[in-house]
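Per this note's numbering, the very first residue in the sequence shown carries number 309; after that it's consecutive.
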Amino acid sequence: MVPATRNSQSDTSHDRRPPIPLSSLGDIFDHLDRTSMTGYECDHTFALTSTFLQKNNLPVEATLEWLGENGAGCDCEVIFNVCPEWEDAVGYTPPDEDDA
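Right under this line is the structure:
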C-alpha cells in the first residue's frame with residue numbers, strides 16, 4: 309500500500325514509490341533512528357543515508373532525489389518528514405529509546 313498524497317494538487321511525488329525496495333526504506337529509517345539514539349546530531353546533510361545506500365549497493369542519487377521530493381533535505385528530515393508518511397507502507401515501527 310502506498311500512502312495517499314498530502315494534498316490534492318497534481319504533484320504526485322508523495323505517492324510515487326521509492327527507487328529502492330520498501331524493505332530497504334524501512335532499513336534506512338531503522339538505521340537513522342538507532343543512530344540518532346546514540347547521540348548523533350544531524351549535520352543537515354544526507355551523510356548517513358548516502359553511506360547506508362552505498363554500503364547496500366542501492367541507487368544513491370535517485371533515492372536522495374526521491375527523499376527530497378518527499379520532504380527530506382537531510383538525515384533528520386528523513387525521520388521527521390518521510391518516515392511518518394511511509395512507515396506503515398514499509399512495515400516499520402520506530403524503536404523505543406530503551407532499545408538503543
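A virtual CB, placed ideally from N, CA and C, is assigned to each residue, including glycine.
What's the C-alpha gap between residue i and residue j?
{"i": "Gly-334", "j": "Phe-388", "result": "14 Å"}
{"i": "Leu-356", "j": "Leu-366", "result": "13 Å"}
{"i": "Arg-314", "j": "Lys-363", "result": "Below a pLDDT of 50, predicted positions are generally treated as unreliable, and Arg-314, at 44, falls in that range; no measurement from the model is reported."}
{"i": "Ala-370", "j": "Leu-361", "result": "11 Å"}
{"i": "Trp-261", "j": "Glu-349", "result": "This structure leaves residue 261 out entirely; the chain is present only between 309 and 408."}
{"i": "Arg-324", "j": "Ile-336", "result": "18 Å"}
Which term fits residue i, buried or exposed, when burial requires 16 or more other beta carbons within 10 angstroms of its beta carbon?
{"i": "Asp-383", "result": "buried"}
{"i": "Thr-346", "result": "exposed"}
Among the options, whose alpha-carbon lies nearest the alpha-carbon of residue i?
{"i": "Phe-354", "options": "Asp-341, Thr-401, Gly-381 and Tyr-348", "result": "Gly-381"}
{"i": "Pro-327", "options": "Thr-401, Gly-376, Asp-341 and Thr-343", "result": "Gly-376"}
{"i": "Thr-359", "options": "Trp-374, Pro-329 and Leu-340", "result": "Leu-340"}
Whole-angstrom Cβ separation of residue i and residue j, contact assumed at under 8 Å?
{"i": "Asp-351", "j": "Tyr-400", "result": "Wrong, their Cβ atoms sit about 23 Å apart, outside the cutoff."}
{"i": "Leu-330", "j": "Val-398", "result": "4 Å"}
{"i": "Pro-403", "j": "Arg-342", "result": "6 Å"}
{"i": "Gly-379", "j": "Val-368", "result": "That belief does not hold up - the Cβ atoms of Gly-379 and Val-368 are roughly 18 Å apart, past 8 Å."}
Checklist line | Ordered list of alpha helix (DSSP H) runs contained in the segment 350-385, each at least 4 residues | finding: 355-363 and 368-377
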